[in-house]
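Report on the structure given below.
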Amino acid sequence: MTRGGPLGYRPALDGLRGVAVLLVLAQHAGLPYFSQGGTVGVTLFFVLSGFLITSILRAEHDATGRIDLRGFYLRRARRLLPALALLLIGVSAYLLVSHQSLLDVVLAAGYASNIAGAAGHNLGNLVHTWTLSLEEQFYLLWPLLLPVVARRRRPAVILAAVAALVVSWRVLLSSSGAPVERIYFGPDTRADAIVLGCALAFALASAPVGRLRLAAAGSAVLVAVLCAARPVSALAWLLPLVTVASVVLVAYAARSTSRLLTWRPLVATGRISYGLYLWSFPVALSVASRDLPLWVSATTITAVSVALALASWFVVETPFLRHQAKGAAEADEVPALPVGLPAH
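Using the numbering used here, the first residue of the sequence shown is number 2, and each one after it goes up by one.
See below:
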């Protein structure tokens, strides 16, 4: 759940996270009109990460004048590693039985999948862990940089300019004929969504809610259209558009009590989104190899992924979250937001 910080708990943010993971699941399940659902959903996750992590770190910095790096990194590890370890154990068992290399498991465990993917390595069953790698690299660096940025006069403008540089660099690489993998997986070419989420955390306080509601409606329509975009066009125009739309949607969710985004099933989906994201792709690969009718494969992928995500949530993730919350209470702290792509 999204707790702590100046935002308090915002069910709409969990609901938006639910939308994001359902878009990813729809693409993994092979549903029509969702060929770019994964790209859209992941971008939305990135913006959420930047926004929520910056919100909690900024609140801590404002209150204490510093950021507890050790506490932050421990909270992230307790939140993210148990469920990932469960996935990697399962995938390792499969790879060993089928006599395949464990290199992809090592890359995922070391949060280097995105760098390897950008270099042209085929990530196989764990290709989706490139997003976790980018998130972790952000978690590692941003607490060190935020105090410096926060002292500047207009931090949101500075961060928006950095995001613009990332987009420009991506366009330059694309126009110069760089491999698609280099552009899609590279941390230097995909950081714009996270950085804009960080900028939003600094800028949101002055945004009128009425305007956000109108902009969010338009952004939702844009996201729906972009989900069906042809893959060949994605890197040229999809990423910048969906990033901007995601920023607007996150801003709206952070300030609203939308009935749709606070719908209980959607909020619940957001809470288990980490496990759902982790398991849906390996499950989809396994089911796809059986050449089933679309409706059978899509139903199977969804059902098995949800079952595994629920097991991960109740058996692995929740015990660590309870331990984390207890530790924070004993230290008289507000628990950090367990946020980001793998956050609930």
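The C-beta atom is built at its ideal place from N, Cα and C for all residues, glycine as well. What you are looking at is a predicted structure, and each value in this text was computed from that prediction instead of being measured.
Residues of its chain near residue i, where Cβ-Cβ distance is below 8 Å and the 5 sequence neighbours each way are ignored
i           : result
residue 43  : 21, 25, 132, 342
residue 291 : 298
residue 148 : 62, 67, 68
residue 106 : 89, 92, 93, 96, 127
residue 293 : 301
residue 286 : 126
residue 333 : Low confidence applies to residue 333: its pLDDT is 33, below 50, so where it sits in the model is not reliable, and the reading given next is rough at best. Excluding residues within five positions, none has a Cβ falling inside 8 Å.
residue 70  : 144, 145
Beta-carbon separation (whole angstroms), residue i vs residue j, contact threshold 8 Å
i           : j           : result
residue 255 : residue 197 : That pair is no contact at about 14 Å.
residue 58  : residue 18  : Between residue 18 and residue 58 the Cβ distance is about 19 Å, and since that is not below 8 Å, they are no contact.
residue 81  : residue 93  : Rounded, the Cβ-Cβ distance is 18 Å, inconsistent with contact.
residue 262 : residue 16  : 4 Å
residue 189 : residue 167 : 7 Å
residue 279 : residue 85  : 7 Å
residue 23  : residue 270 : 6 Å
Test item: CB-CB of residue i and residue j under 7 Å
i           : j           : result
residue 38  : residue 27  : yes
residue 113 : residue 99  : no
residue 317 : residue 83  : yes
residue 13  : residue 257 : yes
residue 109 : residue 161 : no
residue 195 : residue 139 : yes
residue 308 : residue 276 : no
residue 353 : residue 175 : For the chain, the structure presents residues 2 to 345; residue 353 sits outside this window and is missing.
residue 186 : residue 115 : yes
residue 144 : residue 150 : no
residue 159 : residue 152 : no
Bounding residues of the alpha helix (DSSP H) (the contiguous stretch that carries residue i)
i           : result
residue 52  : 38 to 65
residue 115 : 114 to 119
residue 29  : 12 to 29
residue 294 : Looking at the DSSP string, residue 294 is not in any alpha helix (DSSP H), and its letter there is neither H nor E.
residue 260 : Residue 260 -> no alpha helix (DSSP H), and no H or E assigned at all.
residue 92  : 70 to 98
residue 279 : 274 to 289
residue 182 : 181 to 186
residue 177 : Here residue 177 belongs to no alpha helix (DSSP H), and DSSP marks it neither H nor E.
residue 244 : 240 to 256
residue 316 : That residue, residue 316, is in no alpha helix (DSSP H); it is neither H nor E in DSSP.
residue 35  : Run containing residue 35: none; DSSP gives neither H nor E here.
residue 194 : 193 to 204
residue 106 : 104 to 110
Neighbourhood of residue i by C-beta distance below 6 Å, restricted to the same chain and skipping five residues each side
i           : result
residue 284 : 302, 305, 306
residue 141 : none
residue 1   : This structure does not reach residue 1, given that the chain is present from 2 up to 345, and the question cannot be answered.
residue 314 : 273, 276
residue 65  : none
residue 73  : 144
residue 55  : 199, 202
Proximal residues to residue i (C-beta, below 7 Å), its chain only, five neighbours per side dropped
i           : result
residue 182 : 118, 119, 121
residue 241 : 168
residue 289 : 298
residue 234 : Note on residue 234: pLDDT 49, under 50, position unreliable in the model; the coordinate value appears next. So the list is empty, once near-sequence residues are dropped.
residue 193 : 164, 167, 168, 244
residue 137 : 112
residue 191 : 135
residue 125 : 105
Check: residue i C-beta below 6 Å from any heavy atom of the ligand SAM
i          : result
residue 97 : Questions concerning the ligand SAM fall outside what the structure shown contains, since it holds no ligand whatsoever.
Runs of 4 residues minimum, wholly inside the region 142 to 168: which ones carry the alpha helix (DSSP H) assignment? none
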